[in-house]
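**Q** One structure, pasted below without further comment.
Protein chains in written order, with our numbering: chain A, 24 to 367; chain B, 24 to 367; chain C, 24 to 367; chain D, 24 to 367.
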C-alpha cells in the first residue's frame, strides 16, 4: 500500500501518520519527492486492507497494491480450474459448457420437449428456473419445489446435469437435493450471506456478474464462496447496465480475457440476458467462444410467445442447433471441445 | 400497452397477433398508418405485464403505458406518506429525518459518545451496523446480536429511534427485536425474498437504491414490501455507479423530485455513501434539502482514522453539527422542520 | 509518478526500467517491499506525463501523482477567479450568473419578448443559439449570423450581456463580433482546435462538460483555453450519460464542490439540458445554488409548444420568475447575490 | 409518432393537441383506452421529428416510431455497402479491413519499419496520426503536414492505402491531398461541422463511435456525412465509457450485429483504444471477427516503450502477425477474406 501525502503536509502530520501505522503493526518506507512525500506501507495483507489510512489528516490518496482476493487469484493457483459437473461434463481447460433451456420451468412436458431439442443440438447442461427473481411482485415467481422435481426428472431422463437458481439462504438445502449446479443470479452477486451458504456445500456454483460489478467485485464474490471451502466456482458474464437502451444490458466480452488473466476460475458467457435480443445472440455466442469463454449459456424455448418469463429473448430450438454447430467450429480452431453429457 | 409492428408485417401476422392477444383475454385497437400498423392492447394490468408480446413474429416494439407499480404510485395515493418512526419523529410531510451515527457498531462506549454528539447536533435517528455487507470475506463483518443490543441500549438511553441493516431473511425476526427501522442496503435492493420478509413485519423500512437501479426499479422493490402489507417504506438515494472514479459513487439528486413525483413515499439522501468524501458531504447535504429530500443520512465518527469500517468517509461530530445547522436554515425556507427525538 | 512492478520482476528488468527512466532525464527512488518493488520517479512534470512507462516489461501499474492540469488548479491560483462578463455582471466570488433565454434564436420579436420576461425575473445574462449542434442533419440548424445580430440587438436594448454557442474554429472571429461570452457545447468539449481558437480571444468562455467527461477531463479542456492566454473560463455542468432514461441526462451536482475544490474557476449548473424535464428544473436549480454553484443556466420560452428546438424542456416565464425568487433566498443564506445587468 | 396522454387529460386538452398537430400539417388517429387516450400522428418524417409535441399540456410521453436516420438505414439500402479504399482493398461484403500502424507518425524510418512489419503480417491499410487529439495541451500534438507527407510516401512505397485523422474543418483540404481515408475520432463524432465538411469530399471516412454514443447517435453522425453526398462511410467501434477502470474503455461488440442490422454500412472494431491493454487485444480481435465485424484496427509499434503516444497499448509486430493469422482462420469459417493491398 502506498500513501501519497498532500503537497502541504507538515512534519507533524508525517510523524503522526508514521506513528499511527506503526501502532497498527505495519512498517513504513518514507520517500520525500520534490513536491510530494510518499509513504510505502508494508505488512500483513489483512491488516492493511482494513486500516482507514485515508482518514488520517495530511493523506491525499491511498493506493492499494495487493489484490483484495486471494483464493481466486492466478498467483494462488496458476493453472486453470476445471470443474467437473457430473455426467462426463467438465467446464474449463478446453471443455466448453453448453447450458441451455427455458427461462422458467413451466411444466414437465414442455421442459422435456425443450430439453430433447437442446440435447440433440449439443447442449450438455440443462437450465430452468424454479425460483425466479422477478422485478415485479405480481409477475410469475416460479413453480418452487414442484419445478425442482421436474427439472431433476427431465435431467435424469436425458442424462444431463442441471443448473437452477437459488435466491435465499433458506432454500439452499432444498435446492441442493435436486440440482447439480447452483446458480447465483446477477441481483444476488453481493448477497454475501447467500454466497457464504453455498460456500458450505459441495456443489459447483455458477456465479453471475452483477449489473454494476467490476471484474474485481466479481472475483471478491467468488472469494466468499471459495473462502467457505467450496472450490468449484464458475463465473458468468451476463451484461452490465449502460446508457444505450437498444439492448437489455451491455455484454462485456473483455471480461473473458481480463478475468481469466487474474483468476484460474472458468468463465462462461450468457448472451441471452446480456442482449435480450434473439437477433444478436448467435453472433455474440460465436464472439464469446472466440474470446476464450469456457462455455455459453443460452435460453431456448420451443414457443417463445407463450413462455411465462423472458419469452422474447429465447432462441427457437432450430436457431440454437445452428449456433451450436458454428460454435463447435470456432472452438475447434482453438482445440477446444464440447463434451457430450451421458451416463451417471 | 402499444404494439408497433414491423414495416413489412403481413396481414397474416397481424391476424395472428390479434388472435393471440384475444386468447390472453385482452382487447385490441388496430390503427393502420402510412408506414406502420400499431395495435393498442387494452385490459387487466397484470395480464398485460406478463404477456410475451415482443416474441410474436412481426412485432417490432412493445411500448408499456401503465406503470408496473401500483401501491407505491401517486395515482394510488395522491398525498405524501408520513412515516412515524417513534419517539415523536415523523419522516415526510415537512418533517426531516436526520439519521446519523457510525458505519459499524464497534462497542458501547464509542457508540454512546458518537450518539451524544449527533443528538446534540440535531440528529433524530441513530444509525449503526451490526451486520455489515463487506465486499471482502476477510473484512470486519460486524458484531451481530451483541451490536444490536448495544444499539438498542444507546438508543433508549438517549431517547432516539434506531436504524440498522438486515441482510438475510433469517435475521429479520432477531433484528426486529432490537431495531425501530429496518435498513435494506443497496446490494440487497433486489433481494426479493428479503423484501418480502420485511414486508411481513410492521416496522418502517429504509430501502436504499441499488447501484444500478433506475427510479422505476427502486419503486418496484418498494412495491414488494408494500404488497406484503407493510406500508411504511422510506426510500433512500445513496449514489449510483458511474465512470468518474473521483467519487465513490455518483449522487443522483434528480431522483428526489423524480421519485416524489411518481410516488407518495418519503425519500431521504445519503451523501456519505454516495460520495465517500467528507469534503463533499456538507454541500451535498444542503443540496439534498434544497432539492426537497425528506431527510439526510450521514455517517459520523469521533475518530475516523480508528473506525473499523468506512472511516475515511465519516464526518467529525463538529462538522456534523455545522452542516445540521445549515440544513435547518435551508429547510426553514421551505417551511420544513427537524423533529427532536424524545420520550418513548 | 510511482511505478509498481510485477511480483515476479527480475533484477534485469528493474535495471532496465531504471536506466530507461534516467535516459529520459528523470530521477528514481527504488523501494523494495516484501512482495513488490516500487519505483518513485521524480522530475519535470511534462517529461513525466508523456513517458510511456507502462510499456516497459515488468511494470504492473503506473500511478500518476501530479495533476495533469496546472493553470486551472487551486495550487496555481488559490483564490476564486471572478469573471467580469460586462454590464456590471460578475461570475464567481459570491456573484451568481443567472443565464436564461430560449434554446434557439427564432426571430427578433419572440427573443425580445422572452428576454424582457427573464430580465424582469432576475436573469442577468441572455442566452440564445444561432448555430445549433443538432443530432440530425435534417433538424433546424439555427439562423446563423442573422441570429447573432438579433441576439446582439436584444442584449443591447435590454442592457444584458449575451452568450451564444460557437461550434467551429472558422466561426470564432464572426461570433466574436456579436457576443459577450462564447459557449462551447458539451459535444465540443474535446474539440481541441476549437478550444485553442477561443483561447486566443479575450472573451469569457462558458465551457460545458461533455456527456462522458470526468472532472479531470473538464479541467484539462479548460487548460487548453487557459494555456492559449484566455484566463476567463466558466465551467458548466449539464448532465452526463447514464442508464436511467427517465431523465435526458444525469445531473451531477457533486461536481460543484469537487471541481471548485480542485480549481479556482467558477462553475455554473444547467438543469435544463441535464434533466430535459421542466418538472425537475426548479428543485435542481435550488439544489445547485445550495451546493455552491456560481450560477444557473435555464432555458425559458414563452410558448414551448411552438419552440423550434428543445421546446419540451423550457420553463415558462412565470415558472422562471418563481424559481429565481427561491434561488435568491437560498443564495442569501450563503451571503451570495444575483447582480443586476445594466448600463454598458 | 405516438402521443400518450396523461390519465387525467381533459377533453379541452385533447382538442388543443389535435388542433395543434393539424396546424403543423400532420394527421391524427385518436384512440381512447380505459385509462389512457393515445394519439397516433401521421405525416412527413421531418415535420414530425421537429415538432415539440412533448411540450403540449396533457401529453405524458411521445414515442417516436420512424427512425431518425434515412440514408444510413437498411430500409433505404437493403444490401451491404462495400467501400473500395484503393489498391485492391475493399471493406464490407466479405472483405476485411486490417488497419494497423503506430498511434502517431514519429518519423519516416520508424514508420517504414513498422509498416513493413504489418504489411508482411497481412495488414492492408496503414494508419498513423499527424494531428493528435490529446487530452493535455502539453502532450505531443503530432507532426502535422510533415507527418502527412511521411505517411503518403510510406504508403506509396509499400503499396498500401493510408488512413489518418482529421480534427478540424480547416484541415480537410490539406489532409485530402495526402490520405486515402479520413478518420473522424471518437471525440469529434458529434463535431457536426467537421462531418459536413468531409461529407463534401469523395474520400472514404472512418467514423469512430463517441465514448457515450448510442448506436442511433452513431448512425445519425454517419447520416450527416451521407447527407452531404459522400456515401463511403465506415463505422468503427472503439469502446465506450463505463464504470470499471480495469480497461481504458469498454468494448461493445454487440454493436456489430446491432448496427449492421439497422444499417448497410460496414463496421470495423478497434480493440486497441477500446481496451488500452495489449493482453486483451488478441482475444478481442478474434471475437470481433467472429461477431461479424468488417475489419479490425490495431495499433502496432516496434518499440512501445519509446512511442510518443499511446505506447502502452500497442502490440509488437510479432504479436500482430500471430493475431492476424488467427483472425484469418476465424474469417475463413464465415467465408470472409483479407484482401492484399497492392499496385495503384
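We put the CB at the ideal spot given by N, CA and C, even for glycine. Bear in mind the structure is a predicted one, so any value in this text is a computation, not a measurement.
Is residue 229 of chain A helix, strand or coil by DSSP?
**A** The count along the first chain starts at 1 and reaches residue 229 of chain A at position 206. Residue state, collapsed to three classes: strand.
**Q** The beta strand (DSSP E) with residue 290 of chain A in it runs from where to where?
**A** In the first chain, counting from the first residue as 1, residue 290 of chain A sits at position 267. Per DSSP, residue 290 of chain A belongs to the beta strand (DSSP E) from 290-292.
**Q** If you draw a straight line from the C-alpha of residue 160 of chain A to the C-alpha of residue 239 of chain B, how long is it?
**A** To locate residue 160 of chain A, count along the first chain from 1; it is residue 137. To locate residue 239 of chain B, count along the second chain from 1; it is residue 216. Rounded to the nearest angstrom, the two C-alpha atoms are 13 Å apart.
**Q** Could you check the C-alpha separation between residue 226 of chain C and residue 61 of chain A for me, to the nearest Å?
**A** Locating residue 226 of chain C in the third chain gives position 203, counting from the first residue. Locating residue 61 of chain A in the first chain gives position 38, counting from the first residue. If you take the alpha carbons of residue 226 of chain C and residue 61 of chain A, they lie about 41 Å apart.
**Q** Using only the alpha-carbon positions, how far apart do residue 327 of chain D and residue 125 of chain D sit?
**A** For this step, residue 327 of chain D is matched to residue 304 along the fourth chain. For this step, residue 125 of chain D is matched to residue 102 along the fourth chain. Near 9 Å, if we compare the C-alpha coordinates of residue 125 of chain D and residue 327 of chain D.
**Q** For the region 318-341 of chain A, list every residue whose C-beta sits within 9 Å of some C-beta in chain B, in sequence order.
**A** Listed by position, the residues of the region 318-341 of chain A near chain B (Cβ gap below 9 Å) are 324, 326, 327, 328, 329, 330, 331, 332, 333, 334, 335, 336 and 337.
**Q** What are the uninterrupted segments assigned as alpha helix (DSSP H) that are 4 or more residues long and contained completely in the region 121-172 of chain B, given in chain order?
**A** Complete alpha helix (DSSP H) runs here, min 4: 131-144.
**Q** On the DSSP bridge list, what partners appear for residue 113 of chain B?
**A** In the second chain, the residue the question calls residue 113 of chain B occupies position 90. Answer is B/107.
**Q** Are the region 294-309 of chain A and the region 264-279 of chain A touching by the rule of at least three beta carbon pairs closer than 8 Å?
**A** Contact holds: three or more Cβ-Cβ distances are below 8 Å.
**Q** Can you tell me which residues form a DSSP beta bridge with residue 259 of chain B?
**A** Indexing the second chain from 1 puts residue 259 of chain B at position 236. Per DSSP, B/231 and B/291.
**Q** Relative to the C-alpha of residue 98 of chain A, which residue among A/287, A/308 and A/184 is closest?
**A** Taking the first chain and counting its residues from 1, the one referred to as residue 98 of chain A is at position 75. Of the candidates A/287, A/308 and A/184, the one whose C-alpha sits nearest the C-alpha of residue 98 of chain A is A/287.
**Q** Beta-carbon within less than 7 Å of residue 96 of chain A's beta-carbon, same chain only, minus the 5 sequence neighbours each way: which residues are those?
**A** On the first chain, residue 96 of chain A is found 73 positions in, with the first residue counted as 1. Excluding sequence neighbours, residue 96 of chain A sits near 90, 285 and 286.
**Q** Drop a sphere of 10 angstroms on the beta-carbon of residue 63 of chain C, count the other beta-carbons inside from all chains shown, and report buried for 16 or more, exposed for fewer.
**A** Numbered from 1 along the third chain, position 40 holds the residue referred to as residue 63 of chain C. Buried, because 16 or more other Cβ atoms sit within 10 Å of the Cβ of residue 63 of chain C.
**Q** Name the one or two DSSP bridge partners that residue 207 of chain B has.
**A** Walking along the second chain from the start, residue 207 of chain B turns up at place 184. Looking at the DSSP assignment, residue 207 of chain B forms a beta bridge with B/230.
**Q** Contact criterion: CB-CB distance below 9 Å. Does residue 269 of chain A meet it with respect to chain C?
**A** Counted from its first residue, the first chain places residue 269 of chain A at position 246. Chain C contact via Cβ: absent.
**Q** So, at 8 Å on beta carbons, what are the nonlocal neighbours of residue 310 of chain A in its own chain, with the 5 sequence-adjacent residues on each side left out?
**A** In the first chain, the residue the question calls residue 310 of chain A occupies position 287. Answer for residue 310 of chain A: 276, listed in chain order.
**Q** Can you find a CB in chain A that lies within less than 9 Å of the CB of residue 217 of chain B?
**A** Residue mapping note: residue 217 of chain B aligns to position 194 of the second chain, counting from 1. At least one chain A Cβ lies under 9 Å of residue 217 of chain B.
**Q** Provide the residue(s) that pair with residue 248 of chain B in DSSP beta bridges, ordered along the chain.
**A** As a working mapping, residue 248 of chain B is identified with position 225 in the second chain. According to DSSP, residue 248 of chain B bridges with nothing at all.
**Q** Taking DSSP as the reference, what is the three-state secondary structure of residue 79 of chain A?
**A** Looking up residue 79 of chain A in the first chain gives position 56. Looking at residue 79 of chain A - three-state DSSP - the assignment turns out to be coil, as it is neither helix nor strand.
**Q** Whose C-alpha, out of B/141, B/261 and B/280, is nearest the C-alpha of residue 345 of chain B?
**A** Translated into positions along the second chain, residue 345 of chain B becomes position 322. The shortest C-alpha separation from residue 345 of chain B is found at B/141.
**Q** Can you list the residues of chain A that residue 284 of chain D reaches, using a CB-CB cut of under 7 Å?
**A** Reading the fourth chain from its first residue, position 261 is the one you call residue 284 of chain D. By Cβ distance, chain A contributes 302.
**Q** At a CB-CB cut-off below 7 Å, which residues of chain A make contact with residue 352 of chain D?
**A** For the purposes of this step, residue 352 of chain D is taken as the residue at position 329 of the fourth chain. Per Cβ cutoff of 7 Å: 356.
**Q** Does the CB of residue 277 of chain B have a neighbour CB from chain C at under 9 Å?
**A** Working through the second chain from its first residue, we reach residue 277 of chain B at position 254. True, the Cβ-Cβ gap to chain C drops below 9 Å.
**Q** In terms of DSSP beta bridges, what is residue 65 of chain C paired with?
**A** Counting from 1 along the third chain, the entry for residue 65 of chain C is found at position 42. Paired residue(s): C/50.
**Q** Can you check DSSP and say which residues form a bridge with residue 347 of chain C?
**A** Along the third chain, one-based indexing puts residue 347 of chain C at 324. DSSP lists no partner for residue 347 of chain C.
**Q** Compare the C-alpha of residue 110 of chain B against each of B/41, B/146 and B/134 and name the closest.
**A** Here residue 110 of chain B corresponds to residue number 87 of the second chain, with the count starting at 1. The shortest Cα separation from residue 110 of chain B among B/41, B/146 and B/134 belongs to B/146.
**Q** Counting only the same chain and skipping the five closest in sequence on each side, list residues whose C-beta sits under 7 Å from that of residue 244 of chain B.
**A** Taking the second chain and counting its residues from 1, one reaches residue 244 of chain B at position 221. Excluding positions up to five away in sequence, the list reads 212, 213, 218 and 230.
**Q** Would you say residue 100 of chain D and residue 154 of chain D are within 9 Å of each other, going by their C-beta atoms?
**A** Mapped onto the fourth chain, residue 100 of chain D falls at position 77. Mapped onto the fourth chain, residue 154 of chain D falls at position 131. No, they are not a contact pair.
**Q** Examine the Cβ distances between the region 28-43 of chain D and the region 176-189 of chain C and report whether three or more of them are shorter than 8 Å.
**A** In short, these stretches do not touch, since the Cβ pair count stays below three.
**Q** Would you kindly report the start and end of the unbroken beta strand (DSSP E) that includes residue 279 of chain C?
**A** Your numbering for residue 279 of chain C matches position 256 in the third chain. That residue, residue 279 of chain C, is in no beta strand (DSSP E); its alpha helix (DSSP H) goes 278-285.
**Q** Roughly how many whole angstroms lie between the Cα atoms of residue 289 of chain D and residue 105 of chain D?
**A** As a working note, residue 289 of chain D is residue 266 in the fourth chain. As a working note, residue 105 of chain D is residue 82 in the fourth chain. So the two alpha carbons sit approximately 7 Å from each other.
**Q** What residue range is occupied by the uninterrupted beta strand (DSSP E) comprising residue 318 of chain C?
**A** In the third chain, counting from the first residue as 1, residue 318 of chain C sits at position 295. It spans 318-322 - the beta strand (DSSP E) in which residue 318 of chain C sits, taken as one unbroken run.
**Q** With DSSP as the reference, label residue 377 of chain B as helix, strand or coil.
**A** One cannot answer for residue 377 of chain B here, as it falls past the ends of chain B, which runs 24 to 367.
**Q** Helix, strand or coil for residue 44 of chain A? Go by DSSP, reduced to three states.
**A** By one-based count along the first chain, residue 44 of chain A stands at place 21. Correct three-state label for residue 44 of chain A: helix.
**Q** Would you say residue 224 of chain C lies against chain D (beta-carbon separation less than 9 Å)?
**A** Within the third chain, numbered from 1, the residue matching residue 224 of chain C stands at position 201. Taking Cβ atoms only, chain D never reaches closer than 9 Å to residue 224 of chain C, which makes this a no.
**Q** Going along the region 184-216 of chain D in order, which residues come within less than 7 Å of chain C, judged by CB to CB distance?
**A** Those would be 190, 191, 192, 193, 210, 211, 213, 214, 215 and 216, in chain order.
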